[in-house]
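The structure appears right after this line, and notes come after that.
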Ligand code: AMP
Ligand code: GLY
């Protein structure tokens with residue numbers, strides 16, 4: 027079987043790494059991929075936005091399955107284009123990907139199907155939005171569009187909410203995504219990431235995970251794409267798992283079907299586990315990153331079989347086996363991320379990790395130059411390890427981290443700390 031993975035981050039490297047382990051895979055490509063992914067796949071020099079050329083390449087090479095990593099090509103309709111050309115693709119259609127592409131649409135679908143979520147209002151008029159936040163309650167202001175997970179501002183009351191509206195709608199700090207805003211109730215609890223494969227009829231929950239969104243230890247500083255993750259997330263116990271299946275996945279699957287939307291791919295629900303049970307913060311139409319990294323490390327089943335079953339609408343026959351071990355991923359980032367950062371710094375210790383037995387360093391933003399590794403992005407590496415417990419896996423991951431360095435390397439020292447402090451197994 028020939029497979030193409032679209033994307034170039036840690037998520038795509040983890041998918042590629044797992045796909046490579048399958049005896050079914052005879053040829054693996056990544057577009058555009060990154061230099062770390064060369065170990066598993068052949069890089070193809072086509073950008074993720076160039077969906078026509080991607081389709082031509084897939085048709086020309088006779089590729090059996092294309093796995094779309096990031097949201098942007100999905101929101102642009104890559105799945106529709108591939109299907110119209112008879113090419114098998116893992117990822118939802120443009121319409122279905124609006125669950126991520128438009129927060130307002132996601133809310134509409136949730137309300138329509140009774141899916142628990144924060145109460146909210148949508149505004150395209152700034153004065154109306156200002157009148158609404160004058161109620162002076164804790165709230166969240168969200169730009170209504172793709173803003174790389176960064177278009178969300180938590181506000182304790184009126185003054186902060188007004189400042190947020192001014193930034194998002196007035197000064198457009200998140201660009202056009204600020205034309206419309208969603209203002210919603212501030213939920214409290216612990217967050218978890220819950221992903222499921224969906225094929226339009228059936229769904230298959232994946233192992234739970236927890237992300238660490240803020241840049242600094244103790245959940246301080248601005249939101250990032252994610253600074254580390256672990257799986258399983260102890261906060262997703264059996265009761266929460268069942269509640270997500272019954273209250274989120276089932277109504278969502280049937281609601282999408284009623285709208286005539288066929289969702290084939292992975293659905294990511296960002297959850298807040300509140301005192302009243304799980305509530306959906308957001309949907310994404312792709313694997314979470316970094317969550318994908320520990321999850322792929324724990325997956326024991328054959329990944330191509332699961333992705334093919336999803337793309338072909340055969341998930342009803344599929345099952346996923348998970349390692350009993352825990353996995354932890356620590357993201358190594360460039361100083362300054364998620365703001366401005368420098369690239370081109372030489373990374374030391376990376377090749378020596380080849381002999382590391384307990385984990386793997388997934389590449390997110392690296393460049394190979396001669397025999398040197400250089401930084402090439404905000405999130406640079408996802409150092410991911412297995413262990414018998416979350417604490418054990420965390421120790422292994424930080425052991426891997428301790429072998430790598432570059433000038434300005436930044437990472438959180440408290441990944442999985444909360445789970446360990448709770449006495450998680
Ligand atoms: P989103 O992109 O909508 O998931 O928001 C990014 C992050 O903002 C989430 O992971 C939460 O940490 C936080 N957040 C979003 N919505 C809420 C909410 N209604 N209540 C509390 N925190 C929220
Ligand atoms: N780690 C959060 C996300 O992928 O959206």
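In the numbering used here, the protein residues as written are 27 to 451. Quick reminder that beta carbons are idealized off the backbone N, C-alpha and C, glycines included.
{"Query": "When 31, 437 and 448 are compared against residue 250, the one with the closest alpha-carbon", "Result": "437"}
{"Query": "CA-to-CA distance, residue 288 to residue 117, given in whole angstroms", "Result": "10 Å"}
{"Query": "Any non-hydrogen atom of the ligand AMP closer than 7 Å to residue 198 Cβ", "Result": "no"}
{"Query": "Identity of the residues DSSP links to residue 249 by a beta bridge", "Result": "240"}
{"Query": "Local conformation of residue 318 per DSSP, three classes", "Result": "helix"}
{"Query": "Residue of 31, 211 and 331 minimising C-alpha distance to residue 50", "Result": "331"}
{"Query": "Contact test: residue 316 Cβ vs the ligand GLY heavy atom, cutoff 7 Å", "Result": "yes"}
{"Query": "Expected contact under 8 Å - CB spacing of residue 97 and residue 311 to nearest Å", "Result": "6 Å"}
{"Query": "Distance between beta carbons of residue 445 and residue 260, contact taken as under 8 Å", "Result": "5 Å"}
{"Query": "Nearest-angstrom Cα separation, counted from residue 218 out to residue 298", "Result": "6 Å"}
{"Query": "Rounded distance between the beta-carbons of residue 351 and residue 413, thought under 8 Å", "Result": "6 Å"}
{"Query": "Residue 373 to residue 134 span [Cα, whole Å]", "Result": "46 Å"}
{"Query": "Nearest neighbour of residue 240, chosen from 194, 303 and 178 [CA to CA]", "Result": "178"}
{"Query": "N-terminal and C-terminal residue of the beta strand (DSSP E) that residue 231 is part of", "Result": "229-231"}
{"Query": "Buried or exposed by the 16-neighbour rule on C-beta atoms within 10 Å, applied to residue 44", "Result": "buried"}
{"Query": "Beta carbon of residue 100 nearer than 8 Å to that of residue 123", "Result": "yes"}
{"Query": "Residue from 222, 349, 387 and 192 whose Cα sits closest to the Cα of residue 279", "Result": "222"}
{"Query": "DSSP beta-bridge partners of residue 256", "Result": "236 and 354"}
{"Query": "Test item: CB-CB of residue 128 and residue 105 under 8 Å", "Result": "no"}
{"Query": "Distance between beta carbons of residue 387 and residue 409, contact taken as under 8 Å", "Result": "5 Å"}
{"Query": "Distance between beta carbons of residue 225 and residue 48, contact taken as under 8 Å", "Result": "Contact flag wrong, Cβ pair sits at about 19 Å."}
{"Query": "Cα-Cα separation between residue 475 and residue 277, rounded to whole angstroms", "Result": "Since the displayed the chain opens at 27 and closes at 451, residue 475 lies outside it and no answer follows."}
{"Query": "Where residue 427 sits in the DSSP three-state scheme", "Result": "helix"}
{"Query": "Secondary structure of residue 221, DSSP reduced to three states", "Result": "strand"}
{"Query": "Extent of the continuous beta strand (DSSP E) run through residue 299", "Result": "290-300"}
{"Query": "Pairwise C-alpha distance: residue 422 and residue 416", "Result": "10 Å"}
{"Query": "Residue 298 beta carbon near the ligand AMP (any heavy atom closer than 7 Å)", "Result": "yes"}
{"Query": "Assigned secondary structure, residue 432 (DSSP; H/G/I helix, E/B strand, else coil)", "Result": "coil"}
{"Query": "For residue 180, the first and last residue of its enclosing alpha helix (DSSP H)", "Result": "Careful: residue 180 lies outside any alpha helix (DSSP H), inside the beta strand (DSSP E) at 178-181."}
{"Query": "C-beta atoms of residue 207 and residue 155 nearer than 8 Å", "Result": "yes"}
{"Query": "Near the ligand AMP: residue 144 beta-carbon under 7 Å from a heavy atom", "Result": "yes"}
{"Query": "Segment limits, beta strand (DSSP E) that includes residue 446", "Result": "Here residue 446 belongs to no beta strand (DSSP E); instead the alpha helix (DSSP H) covers 443-447."}
{"Query": "Closest Cα partner of residue 58 within the set 52, 72 and 46", "Result": "72"}
{"Query": "Integer-rounded CB distance, given that residue 253 should sit under 8 Å from residue 359", "Result": "7 Å"}
{"Query": "Minimum C-alpha distance to residue 196 - residue among 152, 411, 389 and 282", "Result": "152"}
{"Query": "Close Cβ partners of residue 34 (< 7 Å) along its chain, the five nearest in sequence each way excluded", "Result": "58, 59 and 60"}
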